[in-house]
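Mapping of the sequence shown onto the UniProt record's numbering: residues 1 to 87, in sequence order.
Ideal Cβ placement from N, Cα and C applies to all residues, glycine included.
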Amino acid sequence: MEPVRTCIGCRSRAPRSSLLRIVAGESELVVDETAVLPGRGAWLHPTDSCFQLALRKRAFGRALRVSGNLDASPLENRLNGTVITNE
Numbered sequence: 001m002e003p004v005r006t007c008i009g010c011r012s013r014a015p016r017s018s019l020l021r022i023v024a025g026e027s028e029l030v031v032d033e034t035a036v037l038p039g040r041g042a043w044l045h046p047t048d049s050c051f052q053l054a055l056r057k058r059a060f061g062r063a064l065r066v067s068g069n070l071d072a073s074p075l076e077n078r079l080n081g082t083v084i085t086n087e
């Protein structure tokens, strides 16, 4: 039986394998691909609609227990398929 987690955007329950684990980096949201990074994690469907819902509800700060603002642009770029290069 696969573990079940709750998406912080839409609040629906789903198998862990269908969700992304998000952790708080130094000042930004980081996708934890292997689900082994230390610290609290928040689970999110890899869709723009769930991402926007989570932002609107300010769910990232509450779920990760972080005060202050976290930069969500790396996560948003990943969900939209945008690749940023530092040249």
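Between the Cα of residue 38 and the Cα atoms of 54, 44, 21, which residue gives the shortest distance?
As a position in the sequence shown, residue 38 is number 38, starting the count at 1. If we check each option's Cα against that of residue 38, 21 comes out closest.
Any idea what DSSP makes of residue 33, helix, strand or coil?
The residue given as residue 33 occupies position 33 in the sequence shown. Correct three-state label for residue 33: coil.
Checking 8 Å against the spacing of the C-beta atoms, do residue 50 and residue 81 come in under that value?
Taking the first residue of the sequence shown as 1, we reach residue 50 at position 50. Taking the first residue of the sequence shown as 1, we reach residue 81 at position 81. Contact: no.
Leaving out five residues before and five after residue 91 in sequence, what residues of the same chain have Cβ atoms less than 8 Å from its Cβ?
The requested residue 91 is not part of the displayed model; the chain covers only 1 to 87.
Just curious, the alpha helix (DSSP H) that residue 3 is in, first and last residue?
Taking the first residue of the sequence shown as position 1, residue 3 is located at position 3. Element bounds for residue 3: n/a, residue is neither H nor E.
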